Amino acid sequence: VQLQACGGGLVQAGGSLRLSCAASGSIFSGHVMGWYRQAPGKQRELVASITSGGTENYADYVQDRFTISRNNAKNTIDLQMSSLKVDDTAVYFCRSWVRGRSYNFWGQGTLVTVSS
Numbered sequence: 002v003q004l005q006a007c008g009g010g011l012v013q014a015g016g017s018l019r020l021s022c023a024a025s026g027s028i029f030s031g032h033v034m035g036w037y038r039q040a041p042g043k044q045r046e047l048v049a050s051i052t053s054g055g056t057e058n059y060a061d062y063v064q065d066r067f068t069i070s071r072n073n074a075k076n077t078i079d080l081q082m083s084s085l086k087v088d089d090t091a092v093y094f095c096r097s098w099v100r101g102r103s104y105n106f107w108g109q110g111t112l113v114t115v116s117s
């Protein structure tokens with residue numbers, strides 16, 4: 002399985018960005034897809050995830066600012082980020098996984114830089 006992420010870039014605080022991720026290859030039906038991020042010197046953390054049934058999950062720090070969406074037919078997810086803060090600066094990674102199974106794949110990461 003390959004995950005191709007895109008959409009990162011430089012934006013001013015308060016601005017918006019949209020990240021996209023496309024999965025290809027031998028995709029497991031019912032996989033969860035999501036976005037993680039890793040800031041310099043920090044551990045990778047979950048930003049948001051969405052199941053194949055559309056159940057969304059968000060980290061508290063992005064609640065009401067970020068929205069995750071999914072297209073099952075295309076095996077894609079998007080992350081609409083609004084009201085961006087300097088603290089949102091990080092490399093954002095797309096992930097596809099199935100709980101309890103070895104099915105677990107990561108994209109290459111896309112850099113989001115929020116300037117003050």
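Following the numbering used here, the numbering of the sequence shown begins with 2 at its first residue and continues without gaps. Ideal Cβ positions, reconstructed from N, Cα and C, are used throughout, including at glycine. Since the structure is predicted, the reported quantities are computational estimates derived from the model, not experimental observations.
So is residue i buried or exposed if we call it buried at 16+ other beta carbons inside 10 Å?
i, result
"tyrosine 59", "buried"
"arginine 100", "exposed"
"alanine 74", "exposed"
Based on the DSSP output, what are the partners of residue i in its beta bridges?
i, result
"arginine 19", "Gln81"
"alanine 24", "Leu4"
"glycine 42", "In the DSSP output, where bridge partners are listed per residue, glycine 42 has none listed."
"glycine 35", "Ser50 and Arg96"
"glycine 10", "Val113"
For residue i, I'd like the list of residues in its chain whose CB is within less than 6 Å of its CB, leaving aside the five on either flank, ordered along the chain.
i, result
"alanine 23", "Gln5 and Thr77"
"valine 33", "Ser50, Thr52 and Trp98"
"aspartate 89", "Val115"
Can you give me the C-alpha to C-alpha distance between residue i and residue j, rounded to a whole angstrom?
i, j, result
"methionine 82", "glycine 10", "12 Å"
"serine 103", "glutamine 44", "22 Å"
"glutamine 39", "glycine 26", "26 Å"
"isoleucine 69", "proline 41", "24 Å"
"phenylalanine 94", "leucine 47", "9 Å"
"alanine 14", "serine 117", "5 Å"
"asparagine 105", "glycine 35", "11 Å"
Whose C-beta lies closer than 7 Å to the C-beta of residue i among residues of the same chain, with five residues either side of it excluded?
i, result
"isoleucine 28", "Val2 and Asn76"
task = Run through the stretch 49 to 115 for me and flag every whole beta strand (DSSP E) of 3 or more residues, listed as ranges in chain order.
result = 57 to 59, 67 to 72, 77 to 82, 91 to 98 and 105 to 107
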